[in-house]
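Below you'll find the structure, written out as structure tokens, and then a few comments.
Protein chains: 2
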Amino acid sequence: MDRELAILERLRAGGSRITVARRALVEALLVGETHKTADDLAEQVHAAHPSVHRSTIYRILDALEQAGVVEHVHFGHGRAVYHLLEDRHLHLVCDDCGVVVEMPEAAISELAARVEGDHGFVIDSRHFALPGRCRACAAVHQSST
Amino acid sequence: MDRELAILERLRAGGSRITVARRALVEALLVGETHKTADDLAEQVHAAHPSVHRSTIYRILDALEQAGVVEHVHFGHGRAVYHLLEDRHLHLVCDDCGVVVEMPEAAISELAARVEGDHGFVIDSRHFALPGRCRACAAVHQSST
DNA sequence: TTCGATGCAAATAGTTTGCATTCTA
DNA sequence: TAGAATGCAAACTATTTGCATCGAA
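Respectively, the protein sequence lines represent chains A and B. Just so you know, we're using our numbering here: the first sequence kicks off at 1 and counts up by one. Just so you know, we're using our numbering here: the second sequence kicks off at 1 and counts up by one.
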């Protein structure tokens, strides 16, 4: 039940030490939105611990990623969002309004199987978002183009 | 048959002027690899015209993109590659060795149709590469992990 | 001659790194 | 107390922008 402790324990198991900054970042990951940029997380951590530096945020995120706790997904043009590994799913991001639609990982399995058969290529589709246009923006786009 | 002239003409039609730099960049796009980073292109252009600035390369690429001549695809972690619109296809990039596998756009149509039906989301799959592992790296990865 | 294109330098966004210091285990 | 973690500043990558000048039509 205590997700925070479980995650910290997992870090400790990997030889890491538990610090205030790490505790705060894990807490930040556990509340609110499931997808947060490094910036979002830094802001949240700063609320309680203003002295935690941005570079530390990145280093902790890196440690968490190595420990298999989080993963990051690129949402186009440079910025990445981080989320807990438990929340595995594909991401669809709207190029126009930026809304993120989640869909089960299974949706891509058919394509993945075909690609693997044809090219031997194993798609890791979680690491990138599929871009496009959400329902609303697709409608607008169609009428204005 | 003269692709270079055709492209330049297309630029001119949009109100643009034809300059040495533009001519050189279009030439660079037409030879060799079908996918090049802004850096690759800058290097090629510099070979003949060392004074052309990087920012100019970006501005020309932007103009070409607006004119519908090229498009850029993000290959993960910040860098983008440009290619002529005629060469439309999906990209699979290996996270390990960086090799790019191309596959017909049609391969994703089934997934795209399902997603559009379920979520109203219109995937623009050409704008991003699907990450994963190529046959060779997948084999290595499996045995070493 | 006019307005688009360019060179330059500086700014930007997002992230990473070297190094001396601090703190956990 | 050893070695991991941190703060800080500075570097980095890829790209963009303001501005004065240049050049194509």
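For every residue, glycine included, the Cβ atom is placed at its ideal position computed from N, Cα and C.
Asked	Found
Proximal chain B residues relative to C97 of chain A, where beta-carbon distance stays under 9 Å	Those within 9 Å of C97 of chain A in chain B number zero; the least Cβ separation is about 12 Å.
Interface flag, H35 of chain B vs chain A, CB-CB below 8 Å	no
Alpha-carbon spacing of A47 of chain A relative to A139 of chain A, whole angstroms	40 Å
Terminal residues of the alpha helix (DSSP H) in which G14 of chain A lies	Looking at the DSSP string, G14 of chain A is not in any alpha helix (DSSP H), and its letter there is neither H nor E.
For I123 of chain B, the nearest candidate out of A:E102, A:V45, A:A113 (CA to CA)	A:E102
Proximity below 8 Å, CB of A80 of chain B to CB of L11 of chain B	no
Separation of A106 of chain A from P104 of chain B, as counted between CA atoms	22 Å
Reduced DSSP category for R79 of chain B - H, G, I as helix; E, B as strand; rest coil	coil
Whole-Å CB distance - L156 of chain A paired with L25 of chain A, under 8 Å assumed	Within the shown structure, residues of chain A are numbered from 1 to 145, placing residue 156 of chain A beyond reach of any answer.
Cβ-based burial, S125 of chain B [other Cβ within 10 Å; buried from 16]	buried
Chain A contact for E105 of chain B (CB, 8 Å cutoff)	no
Residues that V70 of chain B bridges to, as DSSP identifies them	B:L84
Short Cβ contact (8 Å threshold) for A83 of chain A with E71 of chain A	Per the sequence presented here, residue 83 of chain A reads as His, with Ala not at that position. Yes. Within cutoff.
Cβ-based neighbour list, L61 of chain B, same chain, cut-off 8 Å, excluding 5 preceding and 5 following	L25, A38, L41, V70, H72, Y82
Contact set for S109 of chain A: own chain, Cβ-Cβ below 8 Å, skip 5 residues either direction	none
Residue from A:L64, A:G14, A:R135 whose Cα sits closest to the Cα of C97 of chain A	A:R135
C-beta contact flag for L92 of chain A and F121 of chain B at 8 Å	yes
Residue from A:E86, A:R23, A:G117, A:C94 with nearest C-alpha to C137 of chain A	A:C94
Neighbour list for E71 of chain A in chain B, Cβ cutoff strictly below 7 Å	By Cβ distance, chain B contributes nothing, its closest Cβ being about 12 Å from E71 of chain A, past 7 Å.
Nearest-angstrom Cα separation, counted from R54 of chain A out to L64 of chain A	15 Å
Limits of the unbroken alpha helix (DSSP H) element including V26 of chain B	20-30
8 Å Cβ cutoff met for L29 of chain A and F128 of chain B	no
Contact set for A112 of chain B: own chain, Cβ-Cβ below 8 Å, skip 5 residues either direction	V122, I123, S125
Residue-level contact to chain A via CB, S147 of chain B, 8 Å cutoff	Here chain B comprises residues numbered 1 to 145, so residue 147 of chain B is not present and cannot be evaluated.
Closest Cα partner of D2 of chain A within the set A:H119, A:G14, A:V31	A:V31
Residue range of the unbroken alpha helix (DSSP H) whose run includes H119 of chain B	109-119
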